[in-house]
Structures are given as C-alpha cells and as structure tokens.
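Inspection log for the structure reproduced underneath, given as structure tokens.
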Amino acid sequence: MKIPLQNNAVEHPKLDYMAERNSAIKLIKLYGEDGVKKWKEEVSYGKRSYIEGFFSRLKQAFGFSFRNKSEINRERELLLKCYLINRFTETGMAKFEIAS
Numbered sequence: 335m336k337i338p339l340q341n342n343a344v345e346h347p348k349l350d351y352m353a354e355r356n357s358a359i360k361l362i363k364l365y366g367e368d369g370v371k372k373w374k375e376e377v378s379y380g381k382r383s384y385i386e387g388f389f390s391r392l393k394q395a396f397g398f399s400f401r402n403k404s405e406i407n408r409e410r411e412l413l414l415k416c417y418l419i420n421r422f423t424e425t426g427m428a429k430f431e432i433a434s
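The opening position of the sequence shown corresponds to residue 335 in this note's numbering, with each subsequent residue numbered one higher.
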C-alpha cells in the first residue's frame, strides 16, 4: 500500500483484501509518534516525486529530445546530461539550516 492512511484508520481483520492495509496500520501504531514517517521510509513513499523532479529539471535544462541518432550516442548523451544536472545541483543548491 503506497497511500498514506488517515489518522483514525482502523484494522479490518476479517477482510482478506485489507491485509496489506492492516499490516501498514500495525506498523504505524508500532512505531508510535514516528509511525507514519517510518512507514514512508519502509515503502519508499515519495521516491516517485523525487525522480519526476529530476526528469523535470533535466528537460528544462536540455530540452525534451536527443540530438544523437545512434543508440550508443544517445546513451552517452543521457549520461553526460545526468552528470551535468548533478553538477548543477551540487553547485547551485542553497545551503540552509532548519531553525528551531
């Protein structure tokens, strides 16, 4: 299950199709206050958003299409673009601290 549960979610032990949901509820309750955070880490919740953001930056910086025709050169072009995006990110990311 990859959809966060409501705060007042309850288990339905007699319904077989709810088994995955029930196990998520148990895990969240087991961890207590950090339950939702731990559940998100365990199921990699949010990873898709991170990847979509990367490809959005890639397309903004370099456009949507490849310039090379051969498969080998397209692969090299993509690797070079990914390398450059990573360098842009390292160079241009703001450094910050969370104020308490």
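Every residue, glycine too, gets a C-beta built ideally from N, C-alpha and C. If you're wondering where the values come from, they're calculated on a predicted model, not measured in any experiment.
| message | Can you give me the C-alpha to C-alpha distance between residue 416 and residue 382, rounded to a whole angstrom? | response | The residue given as residue 416 occupies position 82 in the sequence shown. The residue given as residue 382 occupies position 48 in the sequence shown. Approximately 17 Å between the Cα atoms of the pair.
| Simplified DSSP state of residue 351, which is helix, strand or coil | As a working note, residue 351 is residue 17 in the sequence shown. Three-state DSSP puts residue 351 in a helix.
| query | Leaving out five residues before and five after residue 364 in sequence, what residues of the same chain have Cβ atoms less than 6 Å from its Cβ? | reply | Translated into positions along the sequence shown, residue 364 becomes position 30. Excluding sequence neighbours, residue 364 sits near nothing in its chain.
| said: What does the alpha-carbon distance come out to for the pair residue 411 and residue 378? | reply: Here residue 411 is taken as the residue at index 77 of the sequence shown, counted from 1. Here residue 378 is taken as the residue at index 44 of the sequence shown, counted from 1. Answer to the nearest angstrom: the Cα atoms are 29 Å apart.
| Inter-residue CB distance, residue 373 and residue 392 (contact presumed, cutoff 8 Å) | Numbered from its first residue, the sequence shown carries residue 373 at position 39. Numbered from its first residue, the sequence shown carries residue 392 at position 58. So it is not a contact: roughly 30 Å between Cβ atoms.
| task | Along the alpha helix (DSSP H) that carries residue 401, what are the first and last residues, could you check? | result | Translated into the one-based positions of the sequence shown, residue 401 becomes position 67. Element bounds for residue 401: n/a, residue is neither H nor E.
| Given that a residue counts as buried once 16 or more other Cβ atoms are within 10 Å of its Cβ, and exposed if not, what is residue 358? | The sequence position of residue 358 within the sequence shown is 24, counting from 1. Residue 358 should be labelled buried.
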